[in-house]
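Just so we're aligned, residue 7 is where the sequence shown starts under our numbering, counting upward by one.
Written out below as structure tokens is the structure these notes cover.
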Amino acid sequence: MNERIKKIRKEFGLTQTEFGKKIGVKGNTITNYETGLRNPSEAIIMAICREFSVNELWLRTGTGEMKKALEGEERFSLNIGKLQNTDNETLIRWVNAIAETNPELLEDIESFFMNLLGIKKESD
7 MNERIKKIRK
17 EFGLTQTEFG
27 KKIGVKGNTI
37 TNYETGLRNP
47 SEAIIMAICR
57 EFSVNELWLR
67 TGTGEMKKAL
77 EGEERFSLNI
87 GKLQNTDNET
97 LIRWVNAIAE
107 TNPELLEDIE
117 SFFMNLLGIK
127 KESD
């Protein structure tokens, strides 16, 4: 598990101290996890999975994909969180316009963006 914790931290471009703050431990504790001197508690494993959207099975065993596939409200919440931290004025204007638009136009807007981005719409 030690190498997988290090991989998560590196993927997010965080120092051991920064990574530790996000899950509620000190940087030297992360050092101990990454070197294998200590094993994280259940609470820390769950905090890593929650904070970094990591697949718990992958973190524990290395099986499967590192990133947890997010769906529905969980995916929406994560993306809203990202939007709250942006200073991109164009993006902010677009999100506000979409949120405030007439509901009948939303399907047309969705189709436009799906075509623009080359994303195939899943059949209902």
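From the three backbone atoms N, C-alpha and C, an ideal C-beta is built for every residue, glycine too.
Query: Quick check on this structure: which residue in ASN45, ARG56, LEU43 has the alpha carbon closest to the alpha carbon of ILE29?; Result: ARG56
Query: Would you mind sorting ASP93 into buried or exposed? The rule is 16 or more other CB atoms within 10 Å of its CB.; Result: exposed
Query: Quick one: Cα of PHE25 to Cα of ILE86, how far?; Result: 22 angstroms
Query: So ILE50 packs on LEU65, CB below 8 angstroms; how close in whole Å?; Result: At roughly 10 angstroms, the Cβ-Cβ gap does not stay under 8 angstroms, so ILE50 and LEU65 are not in contact.
Query: GLY33: which of GLN22, VAL60, GLY78 sits nearest, CA to CA?; Result: GLN22
Query: Who are the near neighbours of ARG81 in its chain, counting only those whose CB is closer than 7 angstroms to its CB and skipping five residues on each side?; Result: none
Query: Please report how far the alpha carbon of LEU63 lies from the alpha carbon of GLY70, in whole angstroms.; Result: 7 angstroms
Query: For PRO46, count the other beta carbons within 10 Å of its own beta carbon; 16 or more makes it buried, fewer makes it exposed. Which is it?; Result: buried
Query: Can you name, in chain order, every residue of its own chain whose Cβ lies under 7 angstroms from the Cβ of ASN8, other than the five neighbours on each side?; Result: TYR39, GLU40, THR41, GLY42
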